[in-house]
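**Q** Pasting in a structure now, in structure tokens, and then I'll have a few things to ask.
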Amino acid sequence: MAISPVSGLLASFQEHYDDLLQFLTRRMSDRQRAADVAQETYLKLVKVDGQAVQVLHARSFIFRVAGNLAIDALRREQRLAASHEDSDGATALACPAPPPEAALLAHERLQILDEALLQLPRNARQALLLNRVEGLTQAQIAQRLGVSESMVAKYIGQALRHCRDWLKHNHD
Numbered sequence: 001m002a003i004s005p006v007s008g009l010l011a012s013f014q015e016h017y018d019d020l021l022q023f024l025t026r027r028m029s030d031r032q033r034a035a036d037v038a039q040e041t042y043l044k045l046v047k048v049d050g051q052a053v054q055v056l057h058a059r060s061f062i063f064r065v066a067g068n069l070a071i072d073a074l075r076r077e078q079r080l081a082a083s084h085e086d087s088d089g090a091t092a093l094a095c096p097a098p099p100p101e102a103a104l105l106a107h108e109r110l111q112i113l114d115e116a117l118l119q120l121p122r123n124a125r126q127a128l129l130l131n132r133v134e135g136l137t138q139a140q141i142a143q144r145l146g147v148s149e150s151m152v153a154k155y156i157g158q159a160l161r162h163c164r165d166w167l168k169h170n171h172d
């Protein structure tokens with residue numbers, strides 16, 4: 001009996017729920033907030049399943065989705081706290097621009113990443129950019145490049161490893 005990708009992803013969520021909740025509790029510093037994010041994760045996974053997206057590593061995917069939702073929740077809480085402080089009139093408005101040093105470091109890191117991307121084979125570079133910048137799925141990229149989805153996954157993995165190694169060797 002074949003398991004559909006829908007039940008596979010949700011089954012994986014249920015199988016790893018305790019580890020996920022522990023992971024989110026460390027991130028959120030509160031078990032109740034972690035449980036809320038876990039619920040949001042489940043709802044997001046239901047939507048992903050509805051789109052019939054193929055997920056190669058369900059556990060990693062679930063933890064990535066949960067981690068991103070935790071970050072979003074923490075940012076929302078920070079913005080809410082900041083807006084309450086501002087409404088009290090107790091704090092001065094801070095400049096929204098990053099400090100000059102941070103902007104310079106980010107610019108340097110971006111240049112190093114550009115160099116790394118230029119060194120990649122054409123298909124690997126395109127696959128990574130189409131996925132991370134354009135937001136295309138691996139199936140859409142495969143169709144655009146005229147290759148299999150597994151080849152797209154290999155291209156993206158190759159590109160990510162190359163960029164990581166390039167940053168490590170040129171930014172330390």
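Residue numbers (the working numbering): 1 to 172.
Glycine included, every Cβ here is placed at the ideal spot set by N, Cα and C.
Note that the structure is a prediction, hence the values are computed from the model and not measured.
#1: D33 to V48, Cα distance in whole Å?
#2: What residues in its chain sit with their C-beta under 7 angstroms from that of L21, if we drop five residues either side in the sequence?
#3: Taking Cβ to Cβ, would you say H16 is nearer than 8 angstroms to I62?
#4: Give the DSSP-derived three-state secondary structure of P100 in the structure shown.
#5: Comparing alpha-carbon positions, which option in L160, R64 and R26 lies nearest E40?
#6: Quick one: using the 10 Å Cβ neighbour count with 16 as the cut-off for buried, is Q51 buried or exposed?
#7: Let me check understanding here. Comparing Cα to Cα, which of L10, R144, I112 and L69 lies closest to K168?
#8: Is L117 helix, strand or coil by DSSP?
#9: Tell me the rounded alpha-carbon separation between A159 and L43.
#10: Give every residue of the same chain whose Cβ lies closer than 6 angstroms to the Cβ of Y155, excluding the five residues on either side of it in the sequence, and list them in chain order.
#11: With DSSP collapsed to three states, give me the class of Q143.
#12: Could you give the DSSP three-state label for D72: helix, strand or coil?
#13: Using DSSP with H/G/I as helix, E/B as strand and the rest coil, what is H84?
#14: Whole angstroms is fine: what's the gap from G135's alpha carbon to L105's?
#15: Please look up how many angstroms separate the CB atoms of A70 and L24, rounded, as I've assumed it's under 8 angstroms.
**A** In terms of the structure at hand:
#1: Your numbering for residue 33 matches position 33 in the sequence shown. Your numbering for residue 48 matches position 48 in the sequence shown. Here residue 33 turns out to be Arg, not Asp, going by the sequence shown. One C-alpha to the other measures close to 23 angstroms.
#2: Here the question's residue 21 lines up with position 21 in the sequence shown. Counting only Cβ-Cβ distances below 7 angstroms, and skipping sequence neighbours, we find A34, A35 and A38.
#3: Position 16 of the sequence shown, counted from the start, is the residue given in the question as residue 16. Position 62 of the sequence shown, counted from the start, is the residue given in the question as residue 62. Contact flag set, yes.
#4: In the sequence shown, the residue the question calls residue 100 occupies position 100. In the structure shown, P100 adopts helical secondary structure according to DSSP, grouped into three states.
#5: Along the sequence shown, one-based indexing puts residue 40 at 40. Comparing Cα positions, the closest option is R64.
#6: On the sequence shown, residue 51 is found 51 positions in, with the first residue counted as 1. So Q51 ends up on the exposed side.
#7: As a first step, residue 168 must be located in the sequence shown, where it is residue number 168. When each option's Cα is compared against that of K168, the closest is I112.
#8: Numbered from its first residue, the sequence shown carries residue 117 at position 117. L117 falls in the helix class under three-state DSSP.
#9: Within the sequence shown, the letter at position 159 stands for residue 159. Within the sequence shown, the letter at position 43 stands for residue 43. Computed Cα separation, rounded: 31 angstroms.
#10: Position 155 of the sequence shown, counted from the first residue, corresponds to residue 155. Taken in chain order, the residues that qualify are N123, A124 and A127.
#11: Locating residue 143 in the sequence shown gives position 143, where the first residue counts as 1. Reduced to three states, the DSSP call for Q143 is helix.
#12: Position 72 of the sequence shown, counting from 1, holds the residue named residue 72. It is helical.
#13: For the purposes of this step, residue 84 is taken as the residue at position 84 of the sequence shown. The answer is helix: DSSP assigns H84 an H, G or I state.
#14: For the purposes of this step, residue 135 is taken as the residue at position 135 of the sequence shown. For the purposes of this step, residue 105 is taken as the residue at position 105 of the sequence shown. About 26 angstroms.
#15: For the purposes of this step, residue 70 is taken as residue 70 along the sequence shown, with counting starting at 1. For the purposes of this step, residue 24 is taken as residue 24 along the sequence shown, with counting starting at 1. That belief holds up - the Cβ atoms of A70 and L24 are roughly 6 angstroms apart, short of 8 angstroms.
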